[in-house]
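K.L.:
The sequence shown lines up with residues 185 to 614 when you count with the working numbering.
For each residue, glycine too, the CB sits at the ideal point set by N, CA and C.
Following this message is one structure expressed as structure tokens.
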Amino acid sequence: MADIPQKPEGIDKIKYAVDKVIAKIDAASNEEEIEKLLEAVKLGVEIQKTAADRDKAERETLKIDSDVQLAKRQATQSLIAAFASLLIPIGSLLTVVFTLSVSFATLDQNRQKAAADEERQAVERQESNWSTFLTEIDSASADSLSSSPTFVSKLMAVHDTHRHDKELADITKRIAINVTSLSAFRGLWELRQTLPHEDELSDLIDAARSKKLQNDQLLRECFEIQIPPDTLPADPKWGRDGPCSPAYSDADLARAFPVDEQLKSIQSMRVRRAENETTQTYLASQIAERIRNASSNTGALELNLSGIMLAGVNLNSVDFSKSDLTLTVLQGDTFAGAKLIPKAMSTDMLGSSWWDAAEIDQSALPILILQTYPENSIAALRPAGADIKFADYAAKVAGLCTSHMEVCQSKCLRFGPSPAPIPAECEGPQ
185 MADIPQKPEG
195 IDKIKYAVDK
205 VIAKIDAASN
215 EEEIEKLLEA
225 VKLGVEIQKT
235 AADRDKAERE
245 TLKIDSDVQL
255 AKRQATQSLI
265 AAFASLLIPI
275 GSLLTVVFTL
285 SVSFATLDQN
295 RQKAAADEER
305 QAVERQESNW
315 STFLTEIDSA
325 SADSLSSSPT
335 FVSKLMAVHD
345 THRHDKELAD
355 ITKRIAINVT
365 SLSAFRGLWE
375 LRQTLPHEDE
385 LSDLIDAARS
395 KKLQNDQLLR
405 ECFEIQIPPD
415 TLPADPKWGR
425 DGPCSPAYSD
435 ADLARAFPVD
445 EQLKSIQSMR
455 VRRAENETTQ
465 TYLASQIAER
475 IRNASSNTGA
485 LELNLSGIML
495 AGVNLNSVDF
505 SKSDLTLTVL
515 QGDTFAGAKL
525 IPKAMSTDML
535 GSSWWDAAEI
545 DQSALPILIL
555 QTYPENSIAA
565 LRPAGADIKF
575 ADYAAKVAGL
585 CTSHMEVCQS
595 KCLRFGPSPA
605 PIPAECEGPQ
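Right, dumping it as structure tokens:
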């Protein structure tokens, strides 16, 4: 079989085409045909050149793509290398940060533990001080405690912890009630006001009642002391006080009681009684002020005022209609416009202007009229503005005497330091 001629490539292909054209030119019969053949040759050459240029461009494009991919790979490798180089100090930094974080956490835990230990130790010290304080106050008198130079500092140390406020309020109240001097009482009472406690007025009334009981006990002890005959003058006003009567001077007592031990005991009782009554007077003023203010705002107050000394105070316009005045000392008080119609009445009102009240307990009127009249010579206290003319006094009594008892009539009224005798029917049952 004859061999099939191979299609020439590249330069051979061009030479083959040129040879074919030359052969055709040789066989051409005219110039026009030759010109066409030459044009065809020229066009073919240009086409081949264009193809060659395209091939060259494609090869260059492939090379550029290859170079770009190579550059990308090189850039990526460089970036990875750079990042890897950064990871080394970052890793070291993270190690340092982690180490510091652990250290700070440990320090914080240590600080918290130290603070907790310190707080626990402080609480233990406070509880120890509290126990010591309780032991001390249980084994000493109120006067010895208040006179101790360290008592106030110990009291304030316990106070400042605020761990036993309620108990401390009760303790300071008890100590205040039992101290002798007014200054010690007021100091403790003012401290107590900074602590949680019940109603202030009720606390003052409790303190006044306790002070009254203490004073009554002192008076009993004084009255029981036998005064040697013909040593001290009779004392119609303060006779119930025995040698503790303020009518007697220290010189009088020294003559009557030559034994030093007995004299010192009596003098101590007189001092304690004077301090007690000064404190009671202070408490009475505090109670009266609060009663007046509360009564003006809310009207009648349901108060237990029994067994206290409420003397020498202003009780004007107070409504006592819901109060208990059993055995209440109401000496030297003013009662202008007051409603003296309590649940239980007291007639211990020497020196008080009870006749100025707006209303009064009718069962108490006979006693008040016969014993607690204006300018009574045995009255220890006289309230401000107590001076009154008989006609005015008689008119006020008549206005208060809604039950129209005979004792309320003008003929039965006593008046002045030396009242005239009254008819017998005035002192009979009313």
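#1: Would you identify the three-state DSSP class for S181, choosing helix, strand or coil?
#2: What whole-angstrom Cβ distance do L509 and L489 have, given they're in contact under 8 angstroms?
#3: Just the C-alpha distance for I218 and A255, rounded to the nearest angstrom, thanks.
#4: Using a 10 Å radius around the Cβ and a threshold of 16 neighbouring Cβ atoms, would you call A472 buried or exposed?
#5: Would a C-beta distance cut-off of 9 angstroms place G516 and A541 closer than the cut-off?
#6: If P558 and I544 are in contact, beta carbons under 8 angstroms, what's the gap, nearest whole angstrom?
#7: Between the Cα of E320 and those of K338, M493 and E382, spot the shortest distance and give me the residue it belongs to.
#8: From D187 to A236, what does the alpha carbon distance come to, in whole angstroms?
#9: Should D249 go down as buried or exposed, given a rule of 16 or more other Cβ atoms within 10 Å for buried?
#10: Would the segment 389-409 and the segment 417-436 be scored as touching if the rule is three or more Cβ pairs under 8 angstroms?
#11: For S330, which of A440, A353 and S365 has the nearest alpha-carbon?
#12: Could you pull out every residue in the same chain whose Cβ sits closer than 6 angstroms to the Cβ of P526, ignoring the five residues on either side in sequence?
#13: Quick check on T586: buried or exposed, where buried means 16 or more other Cβ atoms within 10 Å of its Cβ?
#14: How is S490 classed by DSSP in three states: helix, strand or coil?
#15: According to the Cβ coordinates, are R457 and N399 closer than 9 angstroms?
#16: What did DSSP end up calling D292 once you bin it into helix, strand or coil?
#17: Would DSSP call V363 helix, strand or coil?
#18: By how many angstroms is the C-alpha of L375 removed from the C-alpha of A353?
#19: Please list the segments of the alpha helix (DSSP H) lying wholly inside the segment 444-484, counting only runs of 4 or more residues, in order along the chain.
#20: Going by beta carbon distance, what residues of the same chain come within less than 8 angstroms of I389, once the five residues before and after it are set aside?
#21: May I ask you to list the residues that DSSP assigns as paired with S537?
#22: From A468 to A391, what does the alpha carbon distance come to, in whole angstroms?
#23: Taking the alpha carbon of S367 as the point to measure from, which residue in S287, Y466 and E351 has its own alpha carbon closest?
#24: Near L385, which residues of its chain fall below 6 angstroms by C-beta distance, leaving aside the five closest residues on each side in sequence?
#25: State buried or exposed for M185, treating a residue as buried only when at least 16 other CB atoms are found within 10 Å of its CB.
#26: If you reduce the DSSP assignment to three classes, tell me which class V581 lands in.
#27: Per DSSP, D508 is paired with what?
P.N.:
In short:
#1: Outside the displayed span of the chain (185 to 614) sits residue 181, for which this structure offers no information.
#2: Contact flag correct, Cβ pair sits at about 6 angstroms.
#3: The alpha-carbon atoms of I218 and A255 are separated by roughly 55 angstroms.
#4: A residue is called buried once 16 or more other Cβ atoms fall within 10 Å of its Cβ, and A472 is buried on that count.
#5: Not closer than 9 angstroms, so no.
#6: So it is not a contact: roughly 15 angstroms between Cβ atoms.
#7: Out of K338, M493 and E382, K338 has the C-alpha closest to the C-alpha of E320.
#8: Its pLDDT being 49, under 50, D187 is placed unreliably by the model, and nothing is read from it.
#9: D249 should be labelled exposed.
#10: The segment 389-409 vs the segment 417-436: in contact.
#11: Closest in C-alpha terms to S330, from the list A440, A353 and S365, comes S365.
#12: Closer than 6 angstroms at Cβ, skipping near neighbours: F504, S507 and L509.
#13: That one is exposed.
#14: For S490, the three-state secondary structure derived from DSSP is coil.
#15: Going by C-beta atoms, R457 is nearer than 9 angstroms to N399.
#16: The three-state reading of DSSP puts D292 in helix, counting H, G and I together.
#17: DSSP, reduced to helix, strand and coil, places V363 outside both helices and strands of the structure shown, so it counts as coil.
#18: About 9 angstroms.
#19: Within the segment 444-484, the complete alpha helix (DSSP H) runs of at least 4 residues are 444-482.
#20: So the list reads I471, L487, N488, L489 and I492, once near-sequence residues are dropped.
#21: Answer is T518.
#22: If I take the Cα positions, the gap works out to 10 angstroms.
#23: Ranking the options by Cα distance to S367, first place goes to Y466.
#24: The residues are R474.
#25: At M185 the pLDDT is 47, less than 50, meaning the model places this residue with poor confidence; the figure from the coordinates comes in the next sentence. Result: exposed.
#26: DSSP, reduced to helix, strand and coil, places V581 within a helical segment of the structure shown.
#27: According to DSSP, which records beta bridges pairwise, D508 is partnered with N488 and A528.
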